[in-house]
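Trainee: One structure is given below, represented as structure tokens, and several questions about it will come after.
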Amino acid sequence: MSTSAEPQPSNDILYSDPHFHITATHLTIKYYYFPVPMPIVIPLTEIVSIDTFEDLNLGWFSLKTRYFLPANQLCIVEVKDDCIRKGFSVDDHMAIEILRKAWREALAAKNS
Numbered sequence: 235m236s237t238s239a240e241p242q243p244s245n246d247i248l249y250s251d252p253h254f255h256i257t258a259t260h261l262t263i264k265y266y267y268f269p270v271p272m273p274i275v276i277p278l279t280e281i282v283s284i285d286t287f288e289d290l291n292l293g294w295f296s297l298k299t300r301y302f303l304p305a306n307q308l309c310i311v312e313v314k315d316d317c318i319r320k321g322f323s324v325d326d327h328m329a330i331e332i333l334r335k336a337w338r339e340a341l342a343a344k345n346s
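Each residue of the sequence shown is one higher than the one before, counting from 235 in the working numbering.
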């Protein structure tokens, strides 16, 4: 993982929204966490899993009506050798599929 002080990946961006962007080799989460509003760059080959809030069954505890309205989907990424998962909002639900496809392709390229 790196911060914005390091050079950004030069690959073409596969997807971008106000919360993150995906290239063929990296995931960049913008405004990673408070109080450090710096982006974090994660190599796709360092990702262990990509899940949604629903995949992990994390919504069972909430009974707030705002969750019944259409909203952003939440993506949760587990990174190798890091005990804290990275979570971010996704504006377009297809972005998670784009991220998963780029992740699979990056792992395949690494293993070949």
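Glycine included, every Cβ here is placed at the ideal spot set by N, Cα and C.
Leaving out the 5 sequence neighbours to the left and right, which residues in its chain are closer than 6 angstroms to T237 when beta-carbon positions are compared?
Mentor: Locating residue 237 in the sequence shown gives position 3, where the first residue counts as 1. Residue confidence is low: T237 scores 45 on pLDDT, short of 50, so the model does not pin down where it sits. Its coordinate-derived value is still stated next. Correct list, in chain order: M272.
Trainee: Comparing alpha-carbon positions, which option in T286, D325, H253 and D285 lies nearest V275?
Mentor: Taking the first residue of the sequence shown as 1, we reach residue 275 at position 41. Comparing Cα-Cα distances from V275 to each of T286, D325, H253 and D285, the minimum goes to H253.
Trainee: Distance, Cα to Cα, T279 vs L341?
Mentor: Here residue 279 refers to the residue found at position 45 of the sequence shown. Here residue 341 refers to the residue found at position 107 of the sequence shown. Going by the C-alpha atoms only, they are around 6 angstroms apart.
Trainee: Do I256 and I332 have their CB atoms nearer than 8 angstroms?
Mentor: Residue mapping note: residue 256 aligns to position 22 of the sequence shown, counting from 1. Residue mapping note: residue 332 aligns to position 98 of the sequence shown, counting from 1. For I256 and I332, yes; Cβs fall inside 8 angstroms.
Trainee: From S283 to Y266, what distance separates their C-alpha atoms?
Mentor: Residue mapping note: residue 283 aligns to position 49 of the sequence shown, counting from 1. Residue mapping note: residue 266 aligns to position 32 of the sequence shown, counting from 1. Their backbone Cα atoms lie some 18 angstroms apart in a straight line.
Trainee: What does a CB cutoff of less than 7 angstroms around W337 pick up in its chain, not counting 5 residues either side in sequence?
Mentor: Translated into the one-based positions of the sequence shown, residue 337 becomes position 103. If we look at W337 and ignore the five residues flanking it on each side, its Cβ neighbours are L278, I281 and I284.
Trainee: Which residues in the same chain as K344 place their Cβ atom closer than 7 angstroms to its Cβ, once the five residues preceding and following it in sequence are excluded?
Mentor: Within the sequence shown, residue 344 is the residue found at index 110, counting from 1. So the list reads T279, once near-sequence residues are dropped.
Trainee: Could you say which of S346, L261, D315 and A329 lies nearest to Q307 if we only look at CA atoms?
Mentor: By one-based count along the sequence shown, residue 307 stands at place 73. Answer by Cα proximity: A329.
Trainee: Go through its chain and collect everything with a Cβ distance to Y249's Cβ below 6 angstroms, but skip five positions before and after it.
Mentor: Taking the sequence shown and counting its residues from 1, the one referred to as residue 249 is at position 15. I256, A329 and I332.
Trainee: In this structure, how does DSSP classify T257 when only helix, strand and coil are distinguished?
Mentor: Sequence index remark: in the sequence shown, residue 257 carries index 23 (1-based). Strand, per DSSP.
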